[in-house]
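Visitor: According to our numbering, the residues represented by the sequence shown are 55 to 1199, in order.
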Amino acid sequence: MNFINLSLENTGKITHSLFGDFSGNGAIELLIVRSQTTIELYRINENDQVLLILQESVFCMIRSMCKIRVGSEAKDYILIGSDSGSITLLGYSSEQNKLIPIYNEIFGKSGIRRVVPGEYICSDPMGRAAMIGAIEKQKLVYIFNRDSNGKITISSPLEAHKSNTICYNIIALNVGYDNPMFATIEVDYNEQYLSHIEHRIIKKYVVFYELDLGLNHVIRKVAEPIDPTSNYLIPILSLNEGYHYGIFICSEDKITWFNIGHDKISIPIPKYHNQSNTHSTLITSHVMRTHKGKHFVLLQSEFGDLFQLSFDTKEKGQLDNIHLKYFDSIPTALSLQFSKRGHFLCVGEYGDSILYNIISMENISIPFEKDGRLEFERHKEILNLEEIYRFKSLAPLIDLKVAPATSSQDTTKMYAFCGKGNQSTIKILKNQLNTLDAVEIELPAIPISIWPLKKETDEYHQYLAISYSNITTLLKITEDEMSECTTSPILLSTPSLLVSMLFDGTFLQVMTDRIIIYSEPIQQFITEDQKYVCASCNGCELIVSVEKNNQTSLIYFQYQSGHLLTMERKDNLSKITALALDQFHPSKHCAIGCIDGSVHLLSLIPNETTKALSRVSLQTYECSINSLTFNIIDNTSYLFAGLSNGLLGRSVYDPISGEINESSLNFVGSRPVTLSNVKDCGEDSVLAISGRSLLSYKNGTKIKTTPLNIQNTTLACGILVPFVDNAIAIICEKVMKIITIESTSSSLTGKNIQISYTPRKVITHPTIPLLYILEGDNNSCKVGNEIIQTNEGNWVGGIHTLDASQDELIQFIDFDNNKHPTGGCVVRSISKNQTYLIIGVIESYKTRPIQWKSSEIQVYSINERSINYCYSTKVEYPVRAFAEFKGMVLAGVGNILRLYDIGLKSLLRKAEKRQFASDIAQLHVIGETILLTGVSDGFNLIRYNQINHKFDIYADSLPRWVVTAAPLNQSTVLASDKFGEIFMYQLPKEIEEQALNPFSTLLQPHKTIYEGSSYKMVTATQFFVGDIATSFAQCSLIPGAPSIFLYSNFMGGLSALIPLQSQNDIDFYQHLEMHMRVHWTNLTDRNHISFRSSIVPVKDTVDGDLCELYERLPYEIQQEIAEEMEKEVNEIIKKLHDLRHSRLF
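#1: Grab the span of the beta strand (DSSP E) containing residue 312 for me, first residue to last.
#2: Within its chain, find whatever has a CB closer than 6 Å to the CB of residue 923; leave out the 5 residues flanking it on each side and keep chain order.
#3: Sort 345, 400, 309, 318 by Cα distance to residue 363 and report the nearest one.
#4: Could you have a look at residue 562 and say whether DSSP puts it in helix, strand or coil?
#5: Residues bridged to residue 505 by DSSP?
#6: Once DSSP output is grouped into helix, strand and coil, what is the label at residue 725?
#7: List the DSSP bridge partners of residue 952.
#8: Output needed for residue 598: all residues of its chain with C-beta closer than 6 Å, excluding positions within five of it in sequence on either side, in chain order.
#9: How many angstroms separate the CA atom of residue 32 from the CA atom of residue 740?
#10: Between which residues of its own chain and residue 543 is the CB-CB distance below 7 Å, once the five residues before and five after are set aside?
#11: Do residue 1070 and residue 1012 have their beta-carbon atoms positioned less than 8 Å apart in this structure?
#12: From the DSSP output, in three-state form, read off residue 1183 for me.
#13: Could you give the C-beta distance for residue 64 and residue 92, rounded to a whole number, given that I count them as a contact under 8 Å?
#14: Which first and last residues belong to the alpha helix (DSSP H) in which residue 1125 is found?
#15: Can you check whether the CB of residue 1075 is closer than 8 Å to the CB of residue 1130?
#16: Going straight from the alpha carbon of residue 170 to that of residue 218, what length do you get?
#17: Quick one: Cα of residue 1196 to Cα of residue 675, how far?
#18: If you compare alpha carbons, which of 762, 574, 1165 is closest to residue 616?
#19: Can you list the beta strand (DSSP E) stretches of 3 or more residues lying completely in the segment 750-827, in chain order?
#20: Is it true that the CB of residue 206 sits closer than 8 Å to the CB of residue 194?
#21: Contact between the segment 1082-1093 and the segment 1149-1162: three or more CB pairs below 8 Å?
#22: Considering only the beta carbon of each residue, do residue 535 and residue 527 sit closer than 8 Å?
#23: Which residue spans inside the segment 954-1033 form an unbroken beta strand (DSSP E) run of at least 3?
#24: With which residues is residue 87 paired in a DSSP beta bridge?
#25: Which residue from 772, 775, 773, 791 puts its Cα closest to that of residue 764?
#26: Starting from residue 1039, follow its DSSP beta bridges and name the residues at the other end.
#27: Can you tell me the Cα-Cα spacing of residue 733 and residue 796, whole angstroms?
#28: Which residues in the same chain as residue 1142 place their Cβ atom closer than 6 Å to its Cβ, once the five residues preceding and following it in sequence are excluded?
#29: Bridge partners of residue 715, per DSSP?
#30: Can you tell me whether residue 210 is buried or exposed? The criterion is at least 16 other CB atoms within 10 Å of its CB, across all chains shown.
#31: Going by the beta-carbon positions, is the gap between residue 359 and residue 438 smaller than 8 Å?
#32: What is the C-beta distance between residue 770 and residue 747, in whole angstroms, given that I count them as a contact (C-beta under 8 Å)?
#33: Could you say which of 818, 601, 421, 845 lies nearest to residue 891 if we only look at CA atoms?
#34: Express the C-alpha separation of residue 267 and residue 801 in angstroms, rounding to a whole number.
#35: How big is the Cα-Cα spacing for residue 956 and residue 479?
#36: Could you check what DSSP says for residue 1145 in three-state terms: helix, strand or coil?
As structure tokens, then:
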């Protein structure tokens, strides 16, 4: 079986972030890295709107990142340490809207290795040098400069290695224009292995490295012993030229100031009220800036508490009056960032990352001394910060369940179980964009058309015209409301085909029998024996279709000097159902849609060989055209067609020649599609209406099409009003709403349900829509209603029941302290005619070393929507794997496979098989076959012998550290391992046929010298993702489409494996991938096939994300690839679009 892998939604965890001016125009820009593999660039405008500018996959693992401004350059550059074995310098080109690699200096092997630099990177604040370091031994320093032409130059690497040394942190010191200096936390582990040393105490040092620019050499200047618990360094910005203020060294429960030539100063870190004395506090992140000649420093502890660090600077680099004050409490951050305008970014360690504004400095408290220690009272809510934007993330994504589309639910619903501790949530996701309601107006009837009206020079629309079946109404728009006009400048007693305001403020109204221009004097075009059918106007031009005796004509007008002039007429056309003028003034082309499904693009500018209304191109669809519109999205001109069968057609056209190049189709709804041009965050977009609403918009460098979360919509139009930004007027039967789209950064939105503890496993009821969430948290203890942090081995846990039909929690069973669930399944007992929930529970579990107090299997009876405790059965090992087997319970008790029957007061042991190579992690039953997954030894295929009550292993696989597995049939399994690989194991066909025969000798035991089975499963496919896949779901995201394999990643990403059914498709995508590997330039110079084969060689899986980048290649290279594949460029692009639109969203 062959697959193509496509990313579904980029909701991954942010691993790195930088504020800077990367375009060099003074803008506030934010560069983030998601899941170590995708770079995104955002711009924050004056209204604090966060706009996605760029999104690019780098096909490597980004390990570290910093910015550097070389010399007097006005823009920032990006330095990246990755698994490519090179240091990468990137620049952003605003003209091309792309990241450009400037240097990729190779220094070592590719891959993530402890002795290859890339784990840490930092740059001198003056932009002269950068240090890139490894976890062990190696550190390299590069010098940056400019040549006579202003081009950035990079030196050969200068070594700062030290053997037998582990590095914990690297920072660059702010030393002005003195020689650049870097500081590290290091451990020399060489002494730990010397036999004559009795007490092996870890000694940590803070080491200062100085780059002598004159000698072009790195000096290990100072190595000062520090606290063994030190973990984090904070450089201090210099305010006075000539003085260096050193660093802060963060360790358990204290912060120490250190500067060369000065005595150390230490201050304690306050503890929050009720914090255990046995639980120390570490500082994990910080942010620092200077404002009005003073330092503003915020530190965050591992518990999420923010502290303001204040100090006074003295002469000769001395600090005094160092204090910590409690500032606020926010989710624990991986890093903190300040923009030059004061935006405060908290990159979440898990969950969403949040952009704040500091709104107050008054709610800062000074810690007080109590019982011999400094304490503070936490704020119950955030007081000093105001959230302005949220970067969505599903990390950590533990499990994902998919509910397919039904008659009552037109989109697929996904249940993502993510989070940690009290921040754990169930995110119920749909492919839709959230909208916010601003105004709601009751209408007297159901409208048939709406039009916003404004002059060309106006900032906002002045009126909104609404046409009903018998009348027309006009609403006036003011600064804070919309109201019906008391005196109307247009005719209201009849329905309208079109109402428009021309560029000078003159009203234009088209009805079936006349055209009225409300100028001085009023101008009319009255028809006697014909009628107007369709019309389109752009403020200075008008095009209408008229019908007479089943004959259709097209008339083109221009508005000049207060008069509407007839410019051209074209007769003997097919019946016209839709008209549109392009976005230019004056228009170059118009589009006419006909009842036979044809779309004609006509030229409006006469030349030497053709006159106006000459056809320049033709596009044909399978049904009649209901509406048409032109739009320019991301500098590309599009022609959109709304079809009567509920489909949306999108074609790229050349605005100069009018040639239509490529087209794609999207399903909108069951009704004829109407179209409207709208604004989304200031960007041009198109809204398609067919019962439900579908928005086509720019998302980074792609054009996406996503439904809105509104139903039963009949009409819509974009409208500019002073009280709502980027407003859209929509009609839902007799109600008009003014809405705005909340955000287009993610097309997966929905409802969040808070749960008590970290979700560990999710059990699905086989017949009714119920989910059982097994939850548990380590190092936690329950005191009353409060959860406090304690030592390892203390647990809290419970079981939540989720009703998927109502999307609500209906029951919670809270376990006693130190107990938590480890696994479970639902079993239908035929003899008792009762359904049971079987749960494995362990008490006081520790991981270092592995030990526990007791382990048991709990049995709950399921009665409709509730579960009731029945009894428990003690077992000798933890039970993590369960499955139903013929009305009995199949359990993995440690490394023992055991079969239980459900008794009245206890589980009854029926059979068992001992001594598997590792603990049993998962069990699946497919017909008569049992698929057993070991923690580290791969898979075993097992049959149960009912006569002898024995388990027979007839095939197994090579050892693998499996994380999750999904059986496809009795001999095929799709799985992931802990190293980021996705793979498929399959039993050879001849062995599978023997296994299905109950009398086959295959089921007889066959011993080998390695105690394994004689028959092995073979690898069918394998592919390196770069993240740990935590769940698989075989589903169909588009109603009626073939199934795909959707999988979730631990860092929050969603992707899909799409089976390739035909050999033609396999050849097409494999050849396209092969060409893209040659022609696509990776930003970090990481070899693509090497990246996808990081652990084992990639096999029979095509990288669809790489193939989709074909569109972004220069057209000459696109043509070259197309010629070698014997295809047309448009044909390749259309095939890529159709694959995503027909299978994914």
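Heads up, the beta-carbon is just placed ideally off N, CA and C, and yes, glycines get one too. Please read all numbers here as calculations on a predicted model, not as lab measurements.
Guide: Let's see:
#1: Here residue 312 refers to the residue found at position 258 when the sequence shown is read from its first residue. Unbroken beta strand (DSSP E) run through residue 312: 308-312.
#2: Within the sequence shown, the letter at position 869 stands for residue 923. These residues qualify, in order along the chain: 914.
#3: If you number the sequence shown from 1, residue 363 lands on position 309. Looking at the Cα atoms, 309 is the closest of the given residues.
#4: To locate residue 562, count along the sequence shown from 1; it is residue 508. When secondary structure is reduced to three states using DSSP, residue 562 falls in the strand class.
#5: Looking up residue 505 in the sequence shown gives position 451. Beta-bridge pairing links residue 505 to 519.
#6: Here residue 725 refers to the residue found at position 671 when the sequence shown is read from its first residue. The answer is coil: DSSP assigns residue 725 none of H, G, I, E or B.
#7: In the sequence shown, the residue the question calls residue 952 occupies position 898. Per DSSP, 945, 966.
#8: Within the sequence shown, numbered from 1, the residue matching residue 598 stands at position 544. Counting only Cβ-Cβ distances below 6 Å, and skipping sequence neighbours, we find 586, 589, 609.
#9: It is not possible to answer for residue 32, since the shown part of the chain is limited to 55 through 1199.
#10: Counting from one through the sequence shown, the residue named residue 543 turns up at place 489. Closer than 7 Å at the Cβ level, and outside the excluded window around residue 543, lie 561, 572.
#11: Looking up residue 1012 in the sequence shown gives position 958. Looking up residue 1070 in the sequence shown gives position 1016. Yes. Within cutoff.
#12: As a working note, residue 1183 is residue 1129 in the sequence shown. The answer is helix: DSSP assigns residue 1183 an H, G or I state.
#13: Sequence index remark: in the sequence shown, residue 64 carries index 10 (1-based). Sequence index remark: in the sequence shown, residue 92 carries index 38 (1-based). Contact flag correct, Cβ pair sits at about 6 Å.
#14: Translated into positions along the sequence shown, residue 1125 becomes position 1071. 1117-1133 is the span of the alpha helix (DSSP H), which, as asked, contains residue 1125.
#15: Against the sequence shown, residue 1130 aligns to sequence position 1076. Against the sequence shown, residue 1075 aligns to sequence position 1021. The criterion of a C-beta distance shorter than 8 Å is not satisfied by residue 1130 and residue 1075.
#16: On the sequence shown, residue 170 is found 116 positions in, with the first residue counted as 1. On the sequence shown, residue 218 is found 164 positions in, with the first residue counted as 1. Answer to the nearest angstrom: the Cα atoms are 14 Å apart.
#17: Here residue 1196 is taken as the residue at index 1142 of the sequence shown, counted from 1. Here residue 675 is taken as the residue at index 621 of the sequence shown, counted from 1. Cα-Cα distance, rounded: 17 Å.
#18: As a position in the sequence shown, residue 616 is number 562, starting the count at 1. The option with the nearest alpha carbon to residue 616 is 574.
#19: 756-761, 769-775, 778-786, 789-795, 802-808, 813-818
#20: Walking along the sequence shown from the start, residue 194 turns up at place 140. Walking along the sequence shown from the start, residue 206 turns up at place 152. Cβ distance not < 8 Å, so residue 194 and residue 206 don't count as in contact.
#21: no
#22: By 1-based counting over the sequence shown, the position of residue 535 is 481. By 1-based counting over the sequence shown, the position of residue 527 is 473. No, the pair does not count as a contact, with Cβ atoms beyond the cut-off.
#23: Correct list: 961-967, 974-980, 983-988, 993-999, 1004-1010, 1016-1023, 1026-1031.
#24: Sequence index remark: in the sequence shown, residue 87 carries index 33 (1-based). Beta-bridge pairing links residue 87 to 70, 93.
#25: Residue 764 sits at position 710 when you count from the first residue of the sequence shown. Here the closest residue by C-alpha is 791.
#26: Along the sequence shown, read from residue 1 onward, the residue named residue 1039 stands at position 985. Residue 1039 pairs with 1027, 1073.
#27: Position 679 of the sequence shown, counting from 1, holds the residue named residue 733. Position 742 of the sequence shown, counting from 1, holds the residue named residue 796. Approximately 12 Å between the Cα atoms of the pair.
#28: Here the question's residue 1142 lines up with position 1088 in the sequence shown. Taken in chain order, the residues that qualify are 113, 1131.
#29: Reading the sequence shown from its first residue, position 661 is the one you call residue 715. According to DSSP, residue 715 bridges with nothing at all.
#30: Translated into positions along the sequence shown, residue 210 becomes position 156. Exposed is the call here.
#31: Counting from 1 along the sequence shown, the entry for residue 359 is found at position 305. Counting from 1 along the sequence shown, the entry for residue 438 is found at position 384. No; because the gap between Cβ atoms is not below 8 Å, this pair is not in contact.
#32: Position 716 of the sequence shown holds residue 770. Position 693 of the sequence shown holds residue 747. The pair is a contact, with the Cβ atoms about 7 Å apart (cut-off 8 Å).
#33: Counting from one through the sequence shown, the residue named residue 891 turns up at place 837. Its Cα nearest to that of residue 891, the residue 818 stands out among 818, 601, 421, 845.
#34: On the sequence shown, residue 801 is found 747 positions in, with the first residue counted as 1. On the sequence shown, residue 267 is found 213 positions in, with the first residue counted as 1. Near 51 Å, if we compare the C-alpha coordinates of residue 267 and residue 801.
#35: As a working note, residue 956 is residue 902 in the sequence shown. As a working note, residue 479 is residue 425 in the sequence shown. Distance between the alpha carbons of residue 956 and residue 479 is about 33 Å.
#36: For this step, residue 1145 is matched to residue 1091 along the sequence shown. Residue 1145 falls in the helix class under three-state DSSP.
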